[in-house]
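A short worksheet on the structure shown next.
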Ligand SMILES: CC(=O)SCCNC(=O)CCNC(=O)[C@H](O)C(C)(C)COP(=O)(O)OP(=O)(O)OC[C@H]1O[C@@H](n2cnc3c(N)ncnc32)[C@H](O)[C@@H]1OP(=O)(O)O
């Protein structure tokens with residue numbers, strides 16, 4: 001068992017208690033601070049050793065989504081004006097929801113017959129929301145007073161999306177909103193937040209966040225599928241209110257069963273992690289499309305870990321470590337969110353595939369298994385039971401093929417019930433590539449009836465290209481209990497996400513609660529080693545590692561052949577000799593590393609050779625390292641690098657000289673705990689190397705985990721001073737023997 005994840009901790013559980021799963025935020029208070037303007041202010045001083053926040057506020061957005069009074073600034077009823085349509089839309093909405101609408105216009109007495117006031121100062125009452133339909137919103141925001149206006153929506157475009165000048169204008173807008181003490185949505189947003197959702201649907205709802213309003217197609221298709229929508233947040237340029245605010249808020253809403261997110265960029269990595277953490281603790285699934293998969297991964301970096309970890313890989317990892325389910329398309333987004341919002345927790349992880357056609361069942365099962373779903377073989381007793389109704393020549397092991405024979409009569413339902421009664425089965429999936437009426441009609445009805453009487457998940461993939469059949473539209477979609485999909489792929493993605501989400505949240509522990517709040521005792525001494533822009537020599541980098549409790553070999557830095565021989569005697573033969581200089585990133589390539597030296601004469605000769613090569617290559621050495629030779633272990637790489645969005649990240653992978661050929665690494669964003677460290681190792685293709693292959697003993701995985709966590713501690717404490725750190729190879733010895741950092745590279749910021 002490892003020690004504490006981060007060493008000495010001072011855990012602050014006040015926040016944990018205050019924001020425990022699903023707990024509603026406190027009331028909005030109108031004071032001039034971001035924490036308080038429409039949000040709870042608990043835990044705002046809670047920071048880690050590097051001053052990064054460990055808690056976030058939940059903005060109280062109730063009155064944003066359900067305003068009772070609204071000021072409409074820049075209203076128009078003139079044909080052809082861009083504001084006219086929106087004014088009409090807002091008037092209809094206000095009438096429908098019973099909000100009091102106050103048009104503001106400098107010269108008009110009324111729009112659409114509603115009296116106007118000439119300025120915001122003349123508003124007859126404080127308003128929950130001000131909608132700005134003017135081209136230049138800044139002077140209007142500057143005029144607003146947060147004690148009279150809680151939220152503002154800025155529709156105008158022409159801000160950060162246009163370039164640096166627009167970005168500066170957007171920053172002024174955000175500053176003005178902060179100064180006024182109100183929360184602002186936009187600019188470059190629309191009024192989707194006030195979209196009318198169908199009110200004839202029930203059950204847990206989906207809250208949608210889209211940075212681009214045009215990516216809101218799931219709103220319409222989900223409602224077609226009978227899934228309730230509760231909110232839609234079109235976040236636009238996110239000058240103030242951002243995706244993370246909405247995730248945090250939705251995670252506290254009892255009606256929200258899942259959050260669906262379409263994101264092009266994330267404004268603040270830390271805010272996103274804190275929001276995702278809040279959702280994970282509340283067990284509210286977040287399903288996300290995040291554009292940017294194809295951006296070039298390799299950044300300019302000197303270390304292996306820096307080169308091997310692209311920004312999108314970091315986004316991917318950050319989402320995974322906080323349980324955000326990343327999907328690629330809007331169809332997957334809606335299907336996965338719909339399933340997660342509405343399905344009850346699984347009673348078992350096993351999936352049984354039941355079909356009318358052996359080919360369909362085999363095809364689906366193949367894809368499902370490849371995607372990681374477990375299709376348990378049904379027991380001989382269960383198979384005998386099924387063969388009462390299914391001819392003996394058909395396979396009922398799983399997938400279960402009924403051959404189309406029994407589904408048209410009473411036996412169809414018997415089979416479904418028998419499958420759902422199996423304790424190894426948590427999910428029944430019936431792919432129907434038909435339709436084959438009346439057989440498929442009866443099958444659909446049996447599935448709907450059976451789903452009513454079980455807590456297990458029943459899914460149908462309705463593969464008909466038409467999709468207007470009664471069995472699909474009326475029977476299946478009319479049922480709230482059968483999850484219905486149109487493609488194999490979306491069904492498999494959704495079911496995998498459903499099982500994964502429940503597995504993840506069942507054991508989730510917030511890493512923010514355990515993150516270190518007090519610095520390591522050696523921190524000040526270590527920081528002195530780091531001067532801006534410096535590249536540390538191997539020897540200095542190893543001192544850094546030693547200060548964080550990471551084992552390094554016995555070694556001495558020498559500057560003469562005679563001293564090298566003395567050092568070898570002290571270190572103990574066989575020894576390794578390496579040229580040492582701050583600018584030497586990859587010594588092996590230059591022939592500046594020599595292994596297995598067993599005598600004084602070899603040491604003396606090697607010293608001369610190394611210094612000759614260095615002179616030839618124009619490398620100014622600060623000496624030659626004579627190191628203890630550590631053999632027999634698994635060569636890993638552990639490191640940290642900087643991500644533009646999330647800050648320091650930690651990478652572990654298969655190391656050694658082939659590190660950049662194998663490119664077998666996993667990354668995480670601090671803070672993370674031992675569970676995520678082990679999950680990183682599980683992601684490596686070469687993970688089996690650590691278990692011992694071809695007669696090698698199992699490696700000391702616990703020691704490796706400990707090193708990764710210590711590097712994380714360095715990343716947390718030194719992240720502002722250290723650009724990159726590479727421990728390669730970290731020799732992971734036989735189980736119980738530990739791990740030794742054989743080489744290290746550190747580059748300061
Ligand atoms: C996915 C998506 O859909 S994202 C959407 C992103 N957003 C966009 O694309 C916005 C595109 N832009 C537009 O449609 C327009 O420029 C708008 C609606 C923002 C502004 O319309 P414009 O006519 O350009 O704005 P302008 O500021 O000149 O005037 C608007 C009205 O507000 C009035 N107005 C101006 N300032 C104020 C003020 N301080 N108080 C009250 N009224 C004012 C004007 O007098 C004018 O009234 P009028 O129509 O009676 O003459």
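Residue numbers (full-length UniProt numbering): 1 to 749.
Where is the CB? At the ideal position from N, CA and C, for every residue including glycine.
With at least 16 other beta carbons inside 10 angstroms of its own, residue 568 counts as buried. Taking a 10 Å sphere around the C-beta of residue 542, we find 16 or more other C-beta atoms and assign the residue as buried.
Inclusion of residue 108 in the 7 Å shell around ligand 1 follows from its C-beta lying nearer than that to a non-hydrogen atom of the ligand. Per DSSP, residue 502 lies in no beta strand (DSSP E); the unbroken alpha helix (DSSP H) holding it starts and ends at 488-506. Contact between residue 503 and residue 740 fails: their C-beta atoms lie close to 35 Å from each other, not under 8 Å.
Note: residue 653 is bridge-paired with 637 and 665 in the DSSP secondary-structure output.
Ranked by Cα distance from residue 464, the options 484, 256 and 117 are led by 484.
A straight-line Cα-Cα distance of about 31 Å links residue 646 and residue 141. Residue 700 counts as buried, since at least 16 other C-beta atoms from the protein chains shown sit within 10 angstroms of its C-beta. Each of 272, 274 and 279 was checked against the Cα of residue 253, and the nearest Cα belongs to 279. With contact defined as three or more Cβ pairs closer than 8 Å, the segment 223-235 and the segment 202-210 are in contact. In terms of Cβ geometry, residue 74 and residue 133 form a close pair [threshold 8 Å]. For residue 740, no alpha helix (DSSP H) segment is defined; the enclosing uninterrupted segment is the beta strand (DSSP E) at 739-741.
Residue burial is scored here from C-beta neighbours: residue 370 has fewer than 16 other C-beta atoms within 10 angstroms and is therefore classed as exposed. Its chain contains 529, 582 and 746 as the residues whose beta carbon lies nearer than 8 Å to that of residue 540, once the 5 sequence neighbours on both sides are disregarded; these appear in chain order. The C-beta distance from residue 198 to residue 223 rounds to 5 Å, short enough to meet the 8 Å contact threshold. Counting along the chain, the unbroken alpha helix (DSSP H) around residue 607 starts and ends at 600-617. Annotated three-state conformation of residue 454 is coil, per DSSP. With fewer than 16 other beta carbons inside 10 angstroms of its own, residue 453 counts as exposed.
Within the DSSP bridge table, the entry for residue 254 names no partner. Apart from sequence neighbours up to five positions away, the residues of its chain that approach residue 423 with a beta-carbon distance below 7 Å are 348, ordered along the chain. Contact between residue 538 and residue 578 holds, since their C-beta atoms are separated by about 7 Å, short of 8 Å. Leaving aside the five residues that flank residue 580 on each side, the residues in its chain whose CB is nearer than 8 Å to its CB run, in chain order, 537, 538, 539, 557, 621, 622, 623, 624 and 625.
Contact between residue 267 and residue 238 holds: their C-beta atoms lie close to 5 Å from each other, under 8 Å. For residue 220, the enclosing alpha helix (DSSP H) has its first and last residue at 217-224.
Setting aside the 5 residues that flank it on each side, residue 470 is surrounded in the same chain by 441, each with a C-beta closer than 8 Å to its C-beta; the list follows chain order.
Residue 578 sits in a strand when the DSSP states are folded into three classes. Secondary-structure assignment with DSSP links residue 354 through a beta bridge to 400. Close CB contacts of residue 719 within its chain, under the 7 Å cut and outside five residues either way in sequence, are with 50, 647 and 648 (chain order). The beta carbon of residue 200 sits no closer than 7 Å to any heavy atom of ligand 1. Sequence-distant Cβ neighbours of residue 711 in its own chain, meaning closer than 8 Å and more than five residues away, are 548, 550, 638, 639, 640, 650, 725 and 727.
Residue 83 sits in a helix when the DSSP states are folded into three classes.
For residue 377, the closest alpha carbon among the candidates 415, 346 and 425 is that of 425. For residue 106, the closest C-alpha among the options 488, 608, 116 and 413 is that of 116.
Where residue 268 is concerned, there is no enclosing alpha helix (DSSP H), because DSSP gives it neither an H nor an E. Within 7 Å of the C-beta of residue 162 there is not a single heavy atom belonging to ligand 1.
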